[in-house]
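One gets our numbering by counting positions in the sequence shown from 1 and adding 4 to each.
In what follows, a single structure is set out as structure tokens and then discussed.
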Amino acid sequence: MAIALKKDRRQPVRAANPASIIADSEYVARRVKRHLNDLERTNYTEPTTGPSAYGEAEDETKGPTALSKDEDPTGRKRKRSMAVRSLLMYRKNFATLLAESQLRDKPAGEPSYLTAAAPPSQRPPMPLCSRDIWSPP
Numbered sequence: 005m006a007i008a009l010k011k012d013r014r015q016p017v018r019a020a021n022p023a024s025i026i027a028d029s030e031y032v033a034r035r036v037k038r039h040l041n042d043l044e045r046t047n048y049t050e051p052t053t054g055p056s057a058y059g060e061a062e063d064e065t066k067g068p069t070a071l072s073k074d075e076d077p078t079g080r081k082r083k084r085s086m087a088v089r090s091l092l093m094y095r096k097n098f099a100t101l102l103a104e105s106q107l108r109d110k111p112a113g114e115p116s117y118l119t120a121a122a123p124p125s126q127r128p129p130m131p132l133c134s135r136d137i138w139s140p141p
């Protein structure tokens with residue numbers, strides 16, 4: 005009667021070397037942080053409260069949404085994508101775009117964004133179901 009010896013289970017090379025796991029996790033963390041910083045840069049919104057909402061802020065680069073900070077922790081500058089560069093260079097909010105278009109100076113009869121209006125609906129208002137907040141037509 006032969007007794008089968010239990011073979012040692014082979015570990016993958018990656019699991020056998022814990023130093024590479026730490027290096028890989030650091031790489032992933034840096035990549036995720038870089039991706040999040042890029043997303044924050046491209047998803048810039050005008051502040052709705054505080055002194056900077058009304059143009060009273062002393063320095064626009066202060067705060068968590070500072071867009072001019074474009075350096076890695078290592079000190080070297082990263083190259084921006086074209087989308088990020090164009091957003092940073094030509095950033096204007098809706099109010100600024102309306103003011104620059106000078107729509108208020110146009111004649112009243114000429115259609116524009118400020119004078120746009122939709123005709124009343126030809127259909128009656130759709131009743132809503134109190135349970136589903138929607139009812140089929």
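For every residue, glycine included, the Cβ atom is placed at its ideal position computed from N, Cα and C.
When every heavy atom of the ligand NAD is checked, does at least one fall within less than 6 angstroms of the C-beta of residue i?
i	result
residue 38	This structure simply doesn't include the ligand NAD, nor any ligand for that matter.
Could you check the C-alpha separation between residue i and residue j for me, to the nearest Å?
i	j	result
residue 101	residue 125	30 angstroms
residue 90	residue 42	13 angstroms
residue 34	residue 86	21 angstroms
residue 115	residue 122	12 angstroms
residue 99	residue 84	27 angstroms
residue 37	residue 131	48 angstroms
residue 111	residue 105	13 angstroms
residue 40	residue 28	18 angstroms
residue 14	residue 31	26 angstroms
Using the beta-carbon count (16 or more within 10 Å), is residue i buried or exposed?
i	result
residue 88	buried
residue 45	buried
residue 70	With a pLDDT of only 46 at residue 70, under 50, the local geometry of the prediction cannot be trusted, and the value read off the model is given with reservation. Under this definition residue 70 is an exposed residue.
Do residue i and residue j have their C-beta atoms within less than 7 angstroms of each other?
i	j	result
residue 107	residue 94	no
Alpha helix (DSSP H) runs contained entirely in the region 80 to 118, provided each spans 4 or more residues: 86 to 93 and 98 to 105
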